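Asks: Start counting the sequence shown at 45; every next residue gets the next number (the numbering used here). We put the CB at the ideal spot given by N, CA and C, even for glycine. Being a predicted model, the structure only gives us computed values, none of them experimental.
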Amino acid sequence: YFQDFSFLVPTAFDMLEAGLFICLQQGQSTRTPYVFLYQALGLGYGTPFVKHLPKESPIYTTQAPEFTNLEHDVVGGFVSLNDRIEHHAEAVIEKFGQTGVHLVGFSNGGLLAWGIARKCQDANV
């Protein structure tokens, strides 16, 4: 049994233009969004889980800064997990600081989620 989730998978162009957060499901602004953090390969995921989450919830995925069209130079700029956590925590706080967020990750994404959650807690978000 296979379900086609291709309509949820962003194209390479979408990923370059989207920056850090790629919207998988718009949802309602009154609901707390879910953010899926990328695993060790650096590419966003989360599409298999979308069908299990409320349709009213905004859902985003992320990707490593090396795969985004960021304004700053990332070549060699993110040499440690702490650098990535700091960068992502700032982005999460800026985008979701008023609403809160559900962070979801496994593998490297689990480490990112834990680190981002600590930074958000330190910032009283």
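So, using beta-carbon positions, are R128 and P102 closer together than 8 Å?
Replies: Contact: no.
Asks: So what's V169 in DSSP terms, helix, strand or just coil?
Replies: Here V169 sits in coil by DSSP.
Asks: Assign H116 to one of three DSSP states: helix, strand, or coil.
Replies: Bear in mind that a pLDDT of 48 at H116, under 50, signals an unreliable position, so the model cannot answer this.
Asks: For K163, collect the residues of the same chain with a Cβ closer than 6 Å to its Cβ; drop the 5 residues on either side in sequence, then sort them by chain order.
Replies: Within the same chain, K163 has close Cβ partners A133.
Asks: Considering Cα atoms alone, identify which of G141, P109, S124, D166 is closest to G88.
Replies: Ranking the options by Cα distance to G88, first place goes to P109.
Asks: Determine whether the beta carbon atoms of E100 and Q83 lie at a separation below 8 Å.
Replies: For E100 and Q83, no; Cβs fall outside 8 Å.
Asks: Between A157 and L81, which are expected to be in contact by the criterion C-beta below 8 Å, what is the C-beta distance as a whole number of angstroms?
Replies: Confirmed, about 5 Å.
Asks: So for V148, helix, strand or coil by DSSP?
Replies: In this structure, V148 counts as strand in the three-state DSSP scheme.
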